[in-house]
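Chemist: Under full-length UniProt numbering, the residue at position 102 of the sequence shown is numbered 102, and the numbers go up by one with no gaps. The C-beta atom is built at its ideal place from N, Cα and C for all residues, glycine as well. Dumping the structure here so I can ask a few things about it.
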Amino acid sequence: MISFLLTLKRLVTALIHAFKEKEFQVLFFLILLTLVSGAIFYSTVENLAVLDALYFSVMTLTTVGDDSFTPSTTFGKLFTMVYAIAGIGLMFGFISKIAFSMQSGYLNRDKKEDEK
């Protein structure tokens, strides 16, 4: 549990640090827009509850996947293919920015300790 809390603290610190960069802000906005548009689509076209639609959108973009739901309409399947191709690149960029921010924060902390 302590390890989880320490990792969560590092993640939150990295997010705060990353939000100072314009590129990260743009990626964050695009990811939010993509997830919301996916949730709206799946809730209206595929008749999913909003939370289920958002969950499916996140699972699709992070490539985790979930075999408990697959789009049942032809339009839903076509949308999912385009959505995955466009969104996975955005999600990869977003996650890599967070990872870079976490790593640079870790390196900065080590550099400060070396200066002491």
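1. Given a cut-off of 8 Å, decide if F56 and D66 are closer than it, judged by their beta-carbon atoms.
2. What is the DSSP secondary structure of S37, counted as helix, strand or coil?
3. For L6, is the classification buried or exposed, using 16 other Cβ atoms within 10 angstroms of its Cβ as the cut-off for buried?
4. Just reading off the alpha helix (DSSP H) that V64 is part of, what are its end residues?
5. Which same chain residues end up closer than 8 Å to K97 when comparing Cβ atoms and leaving out the 5 residues on each side of it in sequence?
Modeler: In brief:
1. Going by beta carbons, D66 and F56 fall inside the 8 Å limit.
2. If DSSP states are grouped into helix, strand and coil, S37 belongs with the helices.
3. By the 10 Å Cβ count, L6 comes out exposed.
4. No alpha helix (DSSP H) contains V64, which DSSP labels as neither H nor E.
5. Sequence-distant partners of K97 (beyond 5 residues in either direction) whose C-beta falls short of 8 Å from its own C-beta, in its chain, are A18, E21, E23, F24, L27.
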